Amino acid sequence: MAKPGGDLARKGALQLIQGVREGRSLGDQSGALRSLPVADQARAARLAAETLRHQGRADQVIEAFVNRKPAPQIADVLRLAVVEMLELGAPGHGVVGAAVDLTRTLGARGQAAAGMVNAVLRKAAAFPDWATLPPQPLPEWLRGPLVDAYGDPVMRAIEAAHQRGAPLDLTLKPGATPVPGAEALPTGSWRLSGPAQVSTLPGFEAGDWWVQDAAAALPVRLLAPAAGEVIADLCAAPGGKTLQLAAAGARVTAVDLSPQRLRRVTENLTRCGLSAELVPSDVLDWRPATLFDAVLLDAPCSATGTIRRHPDLPFIRDGHGIAELIELQTAMLDHALSLLRPGGRLVYATCSLIPDEGEVQVAEALERHPGLAVERPDMPGIALPGIEPDWITEEGGLRLRPDFWPGLGGMDGFYLARLRKPV
Ligand SMILES: C[S@@+](CC[C@H](N)C(=O)[O-])C[C@H]1O[C@@H](n2cnc3c(N)ncnc32)[C@H](O)[C@@H]1O
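Under UniProt numbering, the first residue of the sequence shown carries the number 1, and numbering increases by one thereafter.
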């Protein structure tokens with residue numbers, strides 16, 4: 001028989017998945033399971049995320065054993081159980097029993113479907129080819145433009161990387177001791193591959209490091225902040241890049257629209273014993289009296305580079321709003337350049353895989369701003385460690401993709417470029 005705790009987590013996971021079906025992200029639902037014990041909340045969140053990550057494969061297994069398409073909620077119960085058995089390795093008998101019990105809680109339709117769920121899952125438990133089923137494809141609104149940009153083989157490699165998920169990457173404060181067991185990555189970040197509870201790792205309380213994907217750590221490394229420089233961090237929350245800038249000794253002003261998200265920057269700075277001035281404002285309305293030595297603009301974007309960490313993203317977006325985001329990025333880039341002193345440098349970054357939010361933004365900014373120049377990541381004086389030559393784009397930026405570093409555990413998708421304002 002399944003453990004009662006397991007049942008609470010499964011029920012919670014089904015609730016989270018239903019929320020995603022209604023358009024809410026898993027992150028936005030973080031308070032939805034408050035009434036459950038903390039361990040069950042964590043388990044429910046993991047089950048829901050893994051079920052969405054592997055939905056395409058689970059559907060192929062289910063389709064092999066059903067006579068007709070199950071109702072949407074019943075389909076989600078089946079997917080949860082298939083992923084728990086075939087991906088997460090839970091023993092079939094417990095999972096099947098729990099899924100049948102969960103189905104029975106779903107009203108008359110659930111009562112009627114319980115027998116079918118039992119029969120389908122008993123067969124699914126012995127499904128032999130799970131590992132070789134093709135990964136969850138991206139939805140067409142995203143797949144189409146990405147196939148145009150990178151080609152079909154790369155697209156399939158990106159989808160395979162999404163299926164593998166993401167390890168835990170840490171950025172160390174200068175001089176801090178790495179977490180035992182963490183592996184040094186070529187670009188300077190540290191990676192933990194196994195499951196870990198962040199707040200119990202050595203050095204967390206002391207603020208020796210913070211969680212930051214290796215790709216997300218590169219914009220500040222490309223900016224190369226120096227002690228005493230006056231730097232604006234635009235769109236700063238939750239603050240991974242603010243911490244990097246402050247740890248380098250820069251005098252940082254961190255701007256973000258969301259006071260709530262800025263509170264996370266404060267918490268992170270406090271834990272790490274670092275400081276920055278925080279400004280709750282729309283970047284486009286913010287014009288301080290003095291100009292900056294350097295500006296980092298981590299612009300709001302489609303976040304399509306982070307699907308490894310957010311497998312719910314393809315299900316809650318449909319491509320609407322991207323044109324508006326692209327316009328906002330253009331306006332922010334122009335505004336950010338106006339905050340920079342003559343001869344100053346700016347790093348533009350987005351955690352997107354869509355070239356219109358990256359390469360195209362920078363190519364168009366170069367046309368709009370005569371004298372503005374890109375500084376390549378491999379130029380003398382920058383020479384970023386760990387960068388592979390084919391990551392550097394035609395205009396001199398860096399295109400990072402989830403399928404890079406396949407043997408090391410991948411990286412988030414990102415675009416970044418360093419620009420120099422004429423003197
Ligand atoms: C990609 S996240 C930034 C991540 C952050 N740089 C880090 O490293 O932790 C984008 C941020 O832009 C902020 N944002 C969106 N529109 C904005 C605007 N018009 N002005 C200022 N901040 C904005 C959001 O609140 C969000 O925190």
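By construction, the Cβ of each residue, glycine as well, lies at the ideal position given by its N, Cα and C atoms. Quick caveat, the model's predicted, so the values are computed rather than measured.
Of all alpha-carbon atoms in S199, A166 and Q55, the one lying nearest the alpha-carbon of R191 is that of A166. Remark: the shortest separation between the CB of S258 and any heavy atom of ligand 1 falls under 7 Å. Residue pairing of V230 in beta bridges, as defined by DSSP: R251.
Per the Cβ contact rule, the segment 96-103 is in contact with the segment 73-80 (3 or more Cβ pairs under 8 Å). The continuous stretches of alpha helix (DSSP H) do not include R341, which lies in the beta strand (DSSP E) extending over residues L340 to T350.
Taken from the Cβ of L284, at least one heavy atom of ligand 1 lies inside 7 Å.
Taking 7 Å as the cut-off, one finds at least one heavy atom of ligand 1 near enough to the beta carbon of A236. Secondary structure of W130 (DSSP, three-state): helix.
A straight line joining the alpha-carbon of L142 with that of S281 spans about 31 Å.
By the criterion of at least three beta-carbon pairs nearer than 8 Å, the segment 219-237 is not in contact with the segment 199-206. M379 and A247 have their alpha carbons spaced roughly 24 Å apart. Fewer than three Cβ pairs drawn from the segment 378-395 and the segment 139-157 lie within less than 8 Å of each other, which leaves the two stretches out of contact.
DSSP lists no bridge partner for W286. In this structure, the CA atom of L284 is about 38 Å from the CA atom of A184. Of all alpha-carbon atoms in D312, L419, L353 and V347, the one lying nearest the alpha-carbon of A45 is that of D312.
With at least 16 other beta carbons inside 10 angstroms of its own, Q212 counts as buried. Secondary structure note for A373: its beta strand (DSSP E) is the uninterrupted segment A373 to E375. The closest CA to that of D334, considering only R308, F315, L366 and G319, is found on L366. Sequence-distant Cβ neighbours of L328 in its own chain, meaning closer than 7 Å and more than five residues away, are P300. Close CB contacts of P402 within its chain, under the 6 Å cut and outside five residues either way in sequence, are with I158, A161, R308, G410 and G413 (chain order). Residues of the same chain with a CB within less than 7 Å of the CB of E84, apart from the 5 flanking positions on each side, are L47, A90 and V95 in chain order. Set against 7 Å, the gap from the CB of P300 to the closest heavy atom of ligand 1 is smaller.
C-alpha of G23 to C-alpha of V82: approximately 23 Å in a straight line.
For R420, the enclosing beta strand (DSSP E) has its first and last residue at F414 to R420. Around the Cβ of A39, a 10 Å sphere holds fewer than 16 other Cβ atoms; the residue is exposed. Under the DSSP assignment, D169 falls in the beta strand (DSSP E) whose first and last residues are L168 to L172. The beta carbon of R261 sits closer than 7 Å to at least one heavy atom of ligand 1.
Residue environment for K69: exposed (fewer than 16 other C-beta atoms within 10 angstroms of its C-beta). By a beta-carbon distance limit of 8 Å, V374 contacts R418. Their separation comes to about 7 Å.
Between the segment 285-293 and the segment 267-274 there are fewer than three inter-stretch CB-CB distances shorter than 8 Å, so the stretches are not counted as touching.
Taking the Cα positions, L172 is about 21 Å away from T306. Judged by DSSP secondary structure, E395 falls outside any beta strand (DSSP E); it is assigned neither H nor E.
By the 16-neighbour rule on beta-carbons within 10 angstroms, S258 is exposed.
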